[in-house]
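Some notes on the structure that comes next.
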Amino acid sequence: MSLFPAYGGGQAPAAGSAKEMAKTDEEPPATSANWKNNESYIQKHIEDVDIATEEAQPDSSASSEDSEEEADKRKQEDVPRAKEISRRKPLEFDVSDEFYVDKKGNSSYRNISTLTKPARPRFKTRMARLWDEEDRHLGFSRAHSKLTLKNSRYIRKQLPVETLSDEEVSRLREELTRSKVLVQREPEVLDHWLELHRLLNLNLDKANRLAVAEHQLHTLETALEHHPSNEQILRLYTDVANATYQASEVAARLEKMLKKNPFEYILWTNLIMVTQGNMARCNVPAVLQIYAYSMRRMQVGHTDEITRRFETTETDVIMLKLFHNCLLFLRQSGYINRMFSLIRLSMDLNFPGLSLDCLEACAENEKPLIEFEEMVLRSGMPMPEIWSRVEKLRQAYSYLPFPLLTCEAIDDFRFRDGLDSERCVFSDDVVPFAHALKSPDNRLHLLLVVVQLTKMPLIRSSCLADKLNPCIDEFGESEAIEMLFAVLTDRHSYALPFSHYAHFYAPMINLVKGLSVTPSFIPHFVGHEVYADTVSKLLLKCSEAFSGEETKRRVFLILWFRFQRLLIVLHKLMGKLTKSYLKDTRSRIRDQVSLPENRDIIRFYTELALCEFEAQDKNDNDGRNFSVFWKIISEKSSESSRISCTDMMHLYLVCAELLIQNGLKDRAIQVLISLCLETHATLDETPSNSKQLIVKSMKSGMKLVKAELEALDSQPAEMALEEYFLPNKLLILLRVLCLIDILHNPQNLEIRNFLNELQRNQLGPEAAKANERRRFLREQVMEMQMLQLQLCISLSDYDMYYGFTNRRLEELLERGLDEFPRNMVFLQHWASLKTILWYKQRGCLIRAKAGIASLAHLVIAAYSRFGSIEDSDAFSSDALQVAARNRLLSLFETFLPTNLNRSEIEEQQYRVLRRNSIFWRLYMTCLSEANAAFHRCKDVLLMAIDECPWDKALLMTGGMILPNEQSFLHDLMTEKHMRIFAVPEELEILRDQ
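Numbering (full-length UniProt numbering), first residue to last: 1 to 993.
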């Protein structure tokens, strides 16, 4: 019979038992009309049937029935069962949909057929939830051991650190006990305290880290009682405190220490950075309040009994450092109006009677702003891009504060339908940060700091950088990328052609274009001429402030000439040098030279000739710049036959180097011989440089050099700031001897041996360590030796001269960067080398403790290397750009704390780089160009904000790279009280109008 009687179809039932036959006779056929009354449809209640009490009925046919049932079961078991058909999951989409989600996994995607076996990562197919001993030997031990115990190339996992043996622990404990005894016996020895701090940091007793840190802090506080102003102990104390306690607790501890000694610059910087460098505590008013308190304390000076023991400390030096940091903070947070107001008030206090109208806003200069804003508003760009561009435009034009507003002035500035209240800077806003210096000798330092903070690149020497900005560990260096132009402002030699560094200047210009912030004098910015005019006028005002001190007045005029020359070079490199601009620049320079107070100064005519030289084109006649030299030489030779003025010697040297660059070697030797003999050159005669005359001149030059070296012992060890910008007679004579030696007899080793002997004895490392003057001379002599090697390679065959090869140049540069890491000449030439491997070039720049300057030169070096290949192969430009970006990304990630293999030097570099927004902006830009994931860029942005929460340029760069986060970044600017020139709501109204 059918399994379901209702669908039997009238077929005869199968043979079965007698009971079944009896029942089927009584049932009607399934095909009858009464099939609906079939009992199989009737629901039977379970409780009606008592299965438990049912008893089996005995029957005579029981045995036969059992045998038949067993046979039926065997037949059913022999029949193969049909496989269950796997039903496809219905697709969850409509015909109108353009796509659907494929929820069924494709097994073909689990195999990688394009990679060879060693390149495939090992995946664990078993996911055990419990770490059982039984599961360790189930066929996965080999793969499991390789994944967990080895440092795989795919999985960054540190190997377990080997624990110290019992013998080593006991030995270290004995050393710790010995150090504690030595500290009590000889507390005046600094090394004992440092060794004790190192041993305590090992935590030999496995104590709580808080207890260890408190023990270290107590030990360092005791050490400070015996060594009150030691920088090493102070840095260790601040490092341990920052790593142990919260920011508020660290601030309380530092304030307690400052009450005992209020003249510690390191403590003040750490107290400021506890607020300025902390994301939760940082806002502009809170940071400025600490600056005001610290500078007020320096102005009060030694007034109570506690501070009388620090009377030897010069408070002006600390005041100038705090003043520099305060101006830098105002510039980075966007308060450029307040920065210039503070500069003006400080100059008024220290130079009474000096007019500073150049630091006031001029309505005439800002009128083009409204036209550019309307162009941006009508462009149809997205609102985030409009806000970014308008913000940069207003920042480029509206950086100066309003003057004292009269009714007429208010009408002049209402061309934008209202006044910006933030530009109305009152005296109460800047008075707490401006104080008169106690010593008039420090006023030159003050003005150099002011000029430096206007982004004027004036520091080329490492010694000058150490004097003006000695501490860069906490604040980092300036975020002004324009500092790279120091090698263009003050070229170390004109004997080498400008094209010698052409492959270096191109990536440097591109880097500066991407990282410079308005206001700036870079020609690619809109409104750059307004800011360049402000800097030029400020330099002239600084020279006017020292009208009674001639040497200091000359310093700022020399800087003014260099700035004009720099603008010419930048316009030339960017292809924006026009005849009208060149004509205006020449007229400005000639008008300045023709003033009565400047007419008789030879140095200014040298600067005039250099400006003419930089402005000339390749096809121009060289007579214009040399005519200035010949005219001055002829006039001075008619007055006296002897060369006695240092400025005149400098003119002769520059003239000779320009002659060498233009290939006039005989004429250059004639000028150099005249300089050694201290007699004026005869210009009408044909140069006859006999061997006897050259030998005689070199002997005379050596005699003059030895006289200057003897006089060096009587000069003070500390150099005045103006001496860094004025010509030095000893350095001029040494360079003249080097040039004569190279041009006449390159095989002669006398001058080279003399320089090497000089670097070992009079200007040796030990002598230069305690003597600032000798250290500066040692740095300049190294530059001369580098120039010797460069000229030998460029003026001759590669291996012509004895002992001068590229290898010697590399060794000299490595030694120079080790001793003078912030020397821009050494950094430039090392970054431009292409004959060394990348890992060596990279490692030397990382080891150089130059902060952001070394990183910037690393980026330039990477692009310079790939740029030279790109010029020769245009088809692979995209691949080369990708390779350069990957190299830079690897470089940035080397310094991050997430790098498990980071060296100690890289960790020290990160301490400086993390506080500089250039590092993070470069990193985010590279990620954006490499099409990295948005979440990765966002993680880097959050990390950057955590390190530099006060930097406005960083937030604006983050908004350009991550437009979706711009509203969040704008709210963050408002929360931190940063200066915002354009409000998005205002721009929406202006765009609708």
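Quick reminder that beta carbons are idealized off the backbone N, C-alpha and C, glycines included.
For Q788, the first and last residue of its enclosing alpha helix (DSSP H)
The count along the sequence shown starts at 1 and reaches residue 788 at position 788. Element bounds for Q788: E772 to S794.
Any chance the segment 374-390 sits against the segment 508-520, with 3 or more Cβ pairs inside 8 angstroms?
No, because fewer than three Cβ pairs between the segment 374-390 and the segment 508-520 fall closer than 8 angstroms, the two stretches do not touch.
Can you give me the C-alpha to C-alpha distance between I318 and Q881, rounded to a whole angstrom?
In the sequence shown, the residue the question calls residue 318 occupies position 318. In the sequence shown, the residue the question calls residue 881 occupies position 881. Distance between the alpha carbons of I318 and Q881 is about 46 angstroms.
As an exercise, report each continuous alpha helix (DSSP H) stretch of at least 4 residues that is fully enclosed by the segment 601-645, in chain order.
Unbroken alpha helix (DSSP H) stretches of 4 residues or longer found wholly inside the segment 601-645: 602-615 and 623-639, given in chain order.
What's the gap between the Cα of L172 and the Cα of A944?
Position 172 of the sequence shown, counting from 1, holds the residue named residue 172. Position 944 of the sequence shown, counting from 1, holds the residue named residue 944. Those two C-alpha atoms are separated by around 40 angstroms.
Can you list, in chain order, the residues of its chain whose CB lies under 6 angstroms from that of S439, leaving out five sequence neighbours each side?
Taking the sequence shown and counting its residues from 1, the one referred to as residue 439 is at position 439. Excluding residues up to 5 positions away in sequence, D316 lie with their Cβ nearer than 6 angstroms to the Cβ of S439 in the same chain.
Determine the DSSP secondary structure at T269, reduced to helix, strand or coil.
Within the sequence shown, numbered from 1, the residue matching residue 269 stands at position 269. If DSSP states are grouped into helix, strand and coil, T269 belongs with the helices.
For the candidate residues N748, Q759, E657 and L789, whose alpha-carbon lies nearest to that of I732?
For this step, residue 732 is matched to residue 732 along the sequence shown. That would be E657, whose Cα lies nearest to the Cα of I732.
Helix, strand or coil, according to DSSP, for T454 in the structure here?
Here the question's residue 454 lines up with position 454 in the sequence shown. Reduced to three states, the DSSP call for T454 is coil.
Are C463 and R760 closer than 8 angstroms when you measure CB to CB?
For this step, residue 463 is matched to residue 463 along the sequence shown. For this step, residue 760 is matched to residue 760 along the sequence shown. In this structure, C463 keeps its C-beta atom at 8 angstroms or more from the C-beta atom of R760.
T222, enclosing alpha helix (DSSP H) - first and last residue:
Working through the sequence shown from its first residue, we reach residue 222 at position 222. Taken as a continuous stretch (DSSP letters only), the alpha helix (DSSP H) holding T222 covers R209 to H226.
Need the endpoints of the alpha helix (DSSP H) that K583 sits in, please.
Your numbering for residue 583 matches position 583 in the sequence shown. For K583, the uninterrupted alpha helix (DSSP H) segment begins and ends at K579 to V593.
Reference N625; option with closest CA among L570, I633 and L608:
On the sequence shown, residue 625 is found 625 positions in, with the first residue counted as 1. Comparing alpha-carbon positions, the option among L570, I633 and L608 lying closest to N625 turns out to be L608.
According to DSSP, which residues form a beta bridge with residue 996?
An answer regarding residue 996 cannot be provided, because it is not within the stretch 1 to 993 covered by the chain.
Residue of T551, L496, I568 and D490 minimising C-alpha distance to P523:
As a first step, residue 523 must be located in the sequence shown, where it is residue number 523. Considering only alpha carbons, the answer is I568.
Shortest alpha-carbon distance to L539 belongs to which of L496, R603, T578 and V450?
Here residue 539 refers to the residue found at position 539 of the sequence shown. Selected option, being the one with the closest Cα: V450.
T974 to D617, Cα distance in whole Å?
Mapped onto the sequence shown, residue 974 falls at position 974. Mapped onto the sequence shown, residue 617 falls at position 617. Our two residues, T974 and D617, have alpha carbons roughly 49 angstroms apart in a direct line.
When the Cα of S967 is compared with those of P384, S165 and L199, which residue comes out closest?
Position 967 of the sequence shown, counted from the first residue, corresponds to residue 967. Answer by Cα proximity: P384.
Residues of its chain near L320, where Cβ-Cβ distance is below 7 angstroms and the 5 sequence neighbours each way are ignored
Within the sequence shown, numbered from 1, the residue matching residue 320 stands at position 320. The beta carbon of L320 sits closer than 7 angstroms to those of N442, H445, L446 and V449, all from its chain and outside the five residues before and after it, given in chain order.
Do you know how far the Cα of R460 is from the Cα of residue 1002?
Past the edges of the chain, shown from 1 to 993, lies residue 1002, and the structure says nothing about it.
How would you write the range of the alpha helix (DSSP H) that K537 sits in, first residue to last?
On the sequence shown, residue 537 is found 537 positions in, with the first residue counted as 1. H528 to A545 is the extent of the alpha helix (DSSP H) around K537.
In chain order, what residues of the same chain lie with their CB nearer than 7 angstroms to the CB of S493, ignoring the 5 residues before and after it?
Numbered from its first residue, the sequence shown carries residue 493 at position 493. Taken in chain order, the residues that qualify are E657 and L787.
Which word fits E168, buried or exposed, when buried means at least 16 other C-beta atoms lie within 10 angstroms of its C-beta?
Here residue 168 corresponds to residue number 168 of the sequence shown, with the count starting at 1. The residue in question, E168, is exposed, as its Cβ has fewer than 16 Cβ neighbours within 10 Å.
Proximity to M298 [Cα-Cα], best of A767, R331, P262 and D939
On the sequence shown, residue 298 is found 298 positions in, with the first residue counted as 1. Of the candidates A767, R331, P262 and D939, the one whose C-alpha sits nearest the C-alpha of M298 is P262.
For V284, which residues of its own chain have a beta-carbon under 6 angstroms away from its beta-carbon, when the five flanking residues on both sides are left out?
Looking up residue 284 in the sequence shown gives position 284. Excluding positions up to five away in sequence, the list reads S333 and H977.
How far does the alpha helix (DSSP H) with Y291 in it extend, from its first residue to its last?
Here residue 291 refers to the residue found at position 291 when the sequence shown is read from its first residue. For Y291, the enclosing alpha helix (DSSP H) has its first and last residue at V284 to V300.
Compare the C-alpha of K691 against each of A711, D666, H215 and R586 and name the closest.
Position 691 of the sequence shown holds residue 691. K691 has its Cα closest to that of D666, out of A711, D666, H215 and R586.
Between the Cα of R915 and the Cα atoms of K392, S543, N325 and I673, which residue gives the shortest distance?
Here the question's residue 915 lines up with position 915 in the sequence shown. Checked all of K392, S543, N325 and I673; the closest Cα to R915 is N325.
Nonlocal neighbours in the same chain, by C-beta distance under 7 angstroms from E55, ignoring five residues either side:
Within the sequence shown, residue 55 is the residue found at index 55, counting from 1. Its pLDDT being 44, under 50, E55 is placed unreliably by the model, and nothing is read from it.
Tell whether a beta-carbon distance below 8 angstroms holds between L327 and A434.
Position 327 of the sequence shown holds residue 327. Position 434 of the sequence shown holds residue 434. The answer is no: Cβ separation not under 8 angstroms.
Count the other CB atoms within 10 Å of the CB of T518; is the residue buried (16 or more) or exposed (fewer)?
For the purposes of this step, residue 518 is taken as residue 518 along the sequence shown, with counting starting at 1. Buried, by the Cβ-count rule.
Nearest-angstrom Cα distance between K840 and F866?
In the sequence shown, counting from the first residue as 1, residue 840 sits at position 840. In the sequence shown, counting from the first residue as 1, residue 866 sits at position 866. Their backbone Cα atoms lie some 17 angstroms apart in a straight line.
Going by beta carbon distance, what residues of the same chain come within less than 6 angstroms of F613, once the five residues before and after it are set aside?
Taking the first residue of the sequence shown as 1, we reach residue 613 at position 613. Non-local beta-carbon contacts of F613 in its own chain, meaning distances under 6 angstroms to residues more than five positions away in sequence, involve N625 in chain order.
Taking the alpha carbon of G277 as the reference point, which residue from E988, E965 and R911 has its own alpha carbon closest?
As a working note, residue 277 is residue 277 in the sequence shown. Checking every option, the nearest Cα to that of G277 belongs to R911.
Cβ-Cβ distance between A436 and L345 below 8 angstroms:
Within the sequence shown, the letter at position 436 stands for residue 436. Within the sequence shown, the letter at position 345 stands for residue 345. In terms of Cβ geometry, A436 and L345 do not form a close pair [threshold 8 angstroms].
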